[in-house]
Every structure is written in structure tokens, then in C-alpha cells.
Amino acid sequence: GESVGLHLPTLSVQEGDNSIINCAYSNSASDYFIWYKQESGKGPQFIIDIRSNMDKRQGQRVTVLLNKTVKHLSLQIAATQPGDSAVYFCAEVNYGGATNKLIFGTGTLLAVQP
Amino acid sequence: DVKVTQSSRYLVKRTGEKVFLECVQDMDHENMFWYRQDPGLGLRLIYFSYDVKMKEKGDIPEGYSVSREKKERFSLILESASTNQTSMYLCASSLSQLNTEAFFGQGTRLTVV
Chain A
1296 GESVGLHLPT LSVQEGDNSI INCAYSNSAS DYFIWYKQES GKGPQFIIDI RSNMDKRQGQ
1356 RVTVLLNKTV KHLSLQIAAT QPGDSAVYFC AEVNYGGATN KLIFGTGTLL AVQP
Chain B
141 DVKVTQSSRY LVKRTGEKVF LECVQDMDHE NMFWYRQDPG LGLRLIYFSY DVKMKEKGDI
201 PEGYSVSREK KERFSLILES ASTNQTSMYL CASSLSQLNT EAFFGQGTRL TVV
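Chains A and B are the protein sequences, given in the same order. So the first sequence is numbered by this note's numbering: it starts at 1296 and just counts up by one. So the second sequence is numbered by this note's numbering: it starts at 141 and just counts up by one.
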């Protein structure tokens, strides 16, 4: 929503540059990771996912990298556009539980400067 | 496309009122979730449900209850609203246990005065 961006880490990039958004996750047993994008006034939307047996996955203009050794996830956005301005959340899932629930990080605000 | 619809975008309620937040999904998803979103805290899970009439507590269930009488509908209930429940509330659904991609509604901004 409109106040989600307050108090968040902010990444400011120039239009056309590449963006890298980082996330440290908490559970070394997590099996599955997702990146969500939340634009102002909207609910989060799925961007890309990766399973724990992979270290890289590419989508359209986006790449997710997973480093299980240090429990680190990153989202790379190529040729960042103004429409990419949003809050980005990583989420993790552990299939070992009774129900697979998503645990979200606190988010990063991406601000694209024209 | 999956659609998750929350009944209200904005609500203002008084302290002590009983509040119902409604969520409907149209893709026959098994799992449904309620989160609240606060600045600097991200999304925190309140309750979730993996089947009709089934519910499980999330990380912050205190002060809330839920109801899932039909597969497509998941209601969040604030039994006696308090000012610290002022927040953005997000409903989500996912297909099944092994397909965890969650689809979100647009959110309900609740203000308790």
C-alpha cells in the first residue's frame, strides 16, 4: 500500500541500469523461494521462483540467484524501467511443515530515477 | 487469471467493534491465507486454511479468528477491534500443498479509531 515503502531499505537506480535486490533468508531447510513485487496500492504479485536444488533461474528481464551456503537470495532486474518501481519481497517455504506457508522478508523499495 | 477479491479497499471502524474482512478466490484453490502488512515489518501471517472448515494459526493470531465455510471464501474476524489492529490486510490463495505460488488480493486498509 501507499505506506509500505516507509522505513524500508531503498535502492535507487537510474532508468536503464541493472538493479540487484538482496535478501537474507532465515531457514536453511527452506525448499522454495519466491520474489514478489508490490506496487503502491496493490497486493504483491509473483515475479519468479527458484527451488533449493538450483542456484540460478532466469525469467524475462529478471534473474534470481540462490546461495544456500550463506542463505542469500538476490533478484537482478536488467534494464530497469520506471514501471519497476515498487517494493520487492522475498519469501521462503519449508515443505517439511504440515502446510506450506510463505514466510516473507521485510522488503526493499526500488526507486527508478528517470 | 486467478482472481482474489477482498470485499473492501478501505474500512474505518471504532474500537470494540466486531469487524469482518471477506476474501473470495475464483480458482478452486485449496489454501487461503490472511496477512497483515505494516511499515518496516513486512507481511506477517495471521491465519491460514488448507481446506474447508480447517484453519491454522500463523505467527500473529492473537485478537483474530477466521472462518472458512466454503472453499472459495475465507473471512478474517476481529472480535473486538483495537487501535493496534490498524493495518493493511492482505488475503492470498494458493493451489495446493505442493504449489505454493500465492496470489494476493488488492488489500484492505483498516483504520480503527
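Yeah, the Cβ is synthetic: ideal placement off N, Cα and C, and Gly gets one too.
(message) DSSP three-state label for THR1419 of chain A, please.
(response) Residue 1419 of chain A lies beyond the residue range present for chain A, which begins at 1296 and ends at 1409; the question has no answer from this structure.
(request) Could you name the residues of chain A that GLN246 of chain B contacts, counting a contact when the two beta carbons are closer than 8 Å? (result) Mapped onto the second sequence, residue 246 of chain B falls at position 106. In chain order: GLY1336, LYS1337 and GLY1338.
(request) Using three-state DSSP, classify ASN1313 of chain A as helix, strand or coil. (result) If you number the first sequence from 1, residue 1313 of chain A lands on position 18. In the structure shown, ASN1313 of chain A sits in coil (DSSP, three-state: anything other than H, G, I, E or B).
(message) I want to verify the contact list: residues of chain A whose CB lies under 9 Å from the CB of LEU185 of chain B, in sequence order.
(response) Here residue 185 of chain B refers to the residue found at position 45 of the second sequence. Correct list: LYS1396, LEU1397, ILE1398 and PHE1399.
(request) Taking only the alpha-carbon atoms, compute the straight-line gap between LEU250 of chain B and PHE188 of chain B and give it to the nearest angstrom. (result) As a first step, residue 250 of chain B must be located in the second sequence, where it is residue number 110. As a first step, residue 188 of chain B must be located in the second sequence, where it is residue number 48. Approximately 19 Å between the Cα atoms of the pair.
(request) Could you pull out every residue in the same chain whose Cβ sits closer than 7 Å to the Cβ of ASN1322 of chain A, ignoring the five residues on either side in sequence? (result) The residue given as residue 1322 of chain A occupies position 27 in the first sequence. Excluding sequence neighbours, ASN1322 of chain A sits near GLU1387 and ASN1389.
(request) Quick one: give me the first and last residue of the beta strand (DSSP E) that TYR150 of chain B is part of. (result) Counting from 1 along the second sequence, the entry for residue 150 of chain B is found at position 10. Where TYR150 of chain B is concerned, the enclosing beta strand (DSSP E) stretches over 150-153.
(message) Assuming contact is defined by CB atoms lying nearer than 8 Å, are PHE244 of chain B and GLY1338 of chain A in contact in what I supplied?
(response) The residue given as residue 244 of chain B occupies position 104 in the second sequence. The residue given as residue 1338 of chain A occupies position 43 in the first sequence. It is a contact, given that the beta carbons lie within the stated cut-off.
(request) In the DSSP assignment, find the beta strand (DSSP E) that holds GLN1408 of chain A and state where it starts and stops. (result) Translated into positions along the first sequence, residue 1408 of chain A becomes position 113. 1403-1408 is the span of the beta strand (DSSP E), which, as asked, contains GLN1408 of chain A.
(request) Would you tell me roughly how many angstroms separate the C-alpha atoms of SER147 of chain B and SER215 of chain B, rounded to the nearest one? (result) Here the question's residue 147 of chain B lines up with position 7 in the second sequence. Here the question's residue 215 of chain B lines up with position 75 in the second sequence. Answer to the nearest angstrom: the Cα atoms are 10 Å apart.
(request) Could you tell me the boundaries of the beta strand (DSSP E) in which ARG213 of chain B lies? (result) Residue 213 of chain B sits at position 73 when you count from the first residue of the second sequence. Per DSSP, ARG213 of chain B belongs to the beta strand (DSSP E) from 213-218.
(request) Tell me whether VAL1299 of chain A sits in a helix, a strand or coil according to DSSP, three-state version. (result) Along the first sequence, read from residue 1 onward, the residue named residue 1299 of chain A stands at position 4. With a pLDDT of only 48 at VAL1299 of chain A, under the threshold of 50, the placement of this residue in the model should not be trusted; the figure read from the coordinates follows. If DSSP states are grouped into helix, strand and coil, VAL1299 of chain A belongs with coil.
(message) Is the beta carbon of SER1314 of chain A closer than 8 Å to that of GLN1371 of chain A?
(response) Locating residue 1371 of chain A in the first sequence gives position 76, where the first residue counts as 1. Locating residue 1314 of chain A in the first sequence gives position 19, where the first residue counts as 1. Yes, Cβ-Cβ distance for GLN1371 of chain A and SER1314 of chain A is below 8 Å.
(message) On the DSSP bridge list, what partners appear for ASP1344 of chain A?
(response) For the purposes of this step, residue 1344 of chain A is identified with residue 49 of the first sequence, where counting begins at 1. According to DSSP, which records beta bridges pairwise, ASP1344 of chain A is partnered with A:ILE1329.
(request) Output the distance between the C-alpha atoms of ASN224 of chain B and LEU181 of chain B, rounded to the nearest integer angstrom. (result) In the second sequence, the residue the question calls residue 224 of chain B occupies position 84. In the second sequence, the residue the question calls residue 181 of chain B occupies position 41. If you take the alpha carbons of ASN224 of chain B and LEU181 of chain B, they lie about 14 Å apart.
(message) Between A:TRP1330, A:SER1335, A:SER1369 and A:LEU1360, which has its C-alpha nearest MET1349 of chain A's C-alpha?
(response) Position 54 of the first sequence holds residue 1349 of chain A. Closest option to MET1349 of chain A, Cα to Cα, is A:LEU1360.
(message) Just to confirm the assignment, what range does the beta strand (DSSP E) spanning THR226 of chain B have?
(response) The residue you call residue 226 of chain B lines up with position 86 of the second sequence. Note, THR226 of chain B: premise wrong, no beta strand (DSSP E); not H, not E.
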